[in-house]
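For any residue, its number in this note's numbering is found by taking its place in the sequence shown, counting from 1, and adding 2. Beta carbons are placed, not taken as given, at the ideal position from N, Cα and C, and that holds for glycine. Have a look at the structure below before the remarks.
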Amino acid sequence: MLGRGVECSRGSWMNWRDFWNGTHAIYVNERHGALHYDRIAKDIAALVQSDDDCVLDYGCGQAESADAVARRCAMLYLYDAAPKVQDRLRLRFGRDEKIVVLSTASLEAMSDHSLDLFVANSLIQYLSHAEFEELLDLARRKLKPTGRLVVADVIPADANAIDDAKALLGFGWQGGFFFAAALGLVSTFFSDYRKLRETIGLTRYAPQDIETLFAAHQFKAVRAPGNIGHNQARMMFIATPGA
Ligand SMILES: C[S@@+](CC[C@H](N)C(=O)[O-])C[C@H]1O[C@@H](n2cnc3c(N)ncnc32)[C@H](O)[C@@H]1O
């Protein structure tokens, strides 16, 4: 999926990887971005079970409030595939003793069975099934036998763009950026995001299908009652090693 592309507004070809590595207006304004990352950090921090835990936020994006997670654990690793995102993370968190920003090589080199919590939030919709399966194998390798893999913000098979729009407007209403959110929806309509979403698509899962994939990669997964982030129509799975 990531390899395919569409012609974007600047006339060049783009896939999801290029989209995230470029300049985009996925957050309707600064307040939306800040509230989004605060909420994500708060929800990830709530999943940390001990202050001795080593945690990886995989596909972390800007992770603007990552220090709130780092305060709750022994070490927080941040990894994002987009090189420009990695650069920004290094600028922001380079001096934080409890945060390590990983390159792809340092992620591979990380000792096996060293993580207590591996989080992939709002990521797997941008991956093909095969890429998600590679991610499951990576998590299986890096997690301790007692560790947990959390895959969240998974789009249900029967969801549509209207569910996402409603969730954004609700978040905007609560967060005091409702009108910016409404305007943002209009500009999304003309954006590269919508073009990619319509052409390449987003990967969705029926709960039983994703649970089968977890089991095929030696994880026992249960669907959690809530989700990380504001969109509670999406799904979160908590998986532990062992078929
Ligand atoms: C929707 S953003 C989610 C960011 C963050 N997890 C959050 O919840 O706000 C998706 C992120 O996943 C990253 N990404 C996409 N494919 C990836 C991959 N194969 N491995 C790691 N990161 C990836 C993108 O660069 C982007 O920053």
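Per DSSP, cross-strand counterpart(s) of residue i
| i | result |
| --- | --- |
| Y207 | P158 |
| V57 | L78 and L119 |
| F239 | V153 and R225 |
| L145 | L117 |
| V71 | Partner(s): none; V71 has no beta bridge. |
| I101 | L78 |
Pick from the options that is closest to residue i, judged by C-alpha positions
| i | options | result |
| --- | --- | --- |
| F95 | D69, F120, R74 and D55 | D69 |
| D98 | D89, M77, I164 and S113 | M77 |
| G231 | A182, G172 and Y207 | G172 |
| L125 | M238, R74, P243 and L119 | M238 |
| H240 | E200, D194, H219 and R150 | Inspection of the sequence shows that residue 240 is occupied by Ile rather than by His. Here the closest residue by C-alpha is R150. |
| H38 | G178, D139 and E110 | G178 |
| L104 | I202, H115 and A84 | A84 |
| H131 | H219, E32 and C62 | H219 |
| D59 | K100, Y195, A36 and L119 | L119 |
| K197 | A163, M112 and E133 | A163 |
| A169 | D54, H34 and S52 | H34 |
| G244 | L138, S108, G203 and D54 | L138 |
| E110 | R90, E136, L91 and L93 | E136 |
Closer than 6 Å: residue i CB and nearest ligand 1 heavy atom
| i | result |
| --- | --- |
| V295 | Outside the shown range of the chain (3 to 245) lies residue 295, about which nothing can therefore be said. |
| C56 | no |
| W22 | yes |
| S108 | no |
| N123 | yes |
| C62 | yes |
| D82 | yes |
| Y29 | no |
| I46 | no |
| Y79 | no |
| I157 | no |
Residue i vs residue j beta-carbon contact at 7 Å
| i | j | result |
| --- | --- | --- |
| Q88 | T205 | no |
| R236 | V156 | yes |
| V102 | Y81 | no |
| A183 | V153 | no |
| L117 | C56 | yes |
| D114 | R143 | yes |
| A208 | A159 | yes |
| N17 | K86 | no |
| R73 | V50 | no |
| A47 | S67 | no |
| F180 | G186 | no |
Practice task
Decide yes or no for the touch test of the stretch 224-242 against the stretch 207-216: beta carbon pairs closer than 8 Å, at least 3 of them.
Solution key: yes
Handout entry: Validate contact between the stretch 21-30 and the stretch 187-203 using beta carbons, cut 8 Å, 3 pairs
Key = yes
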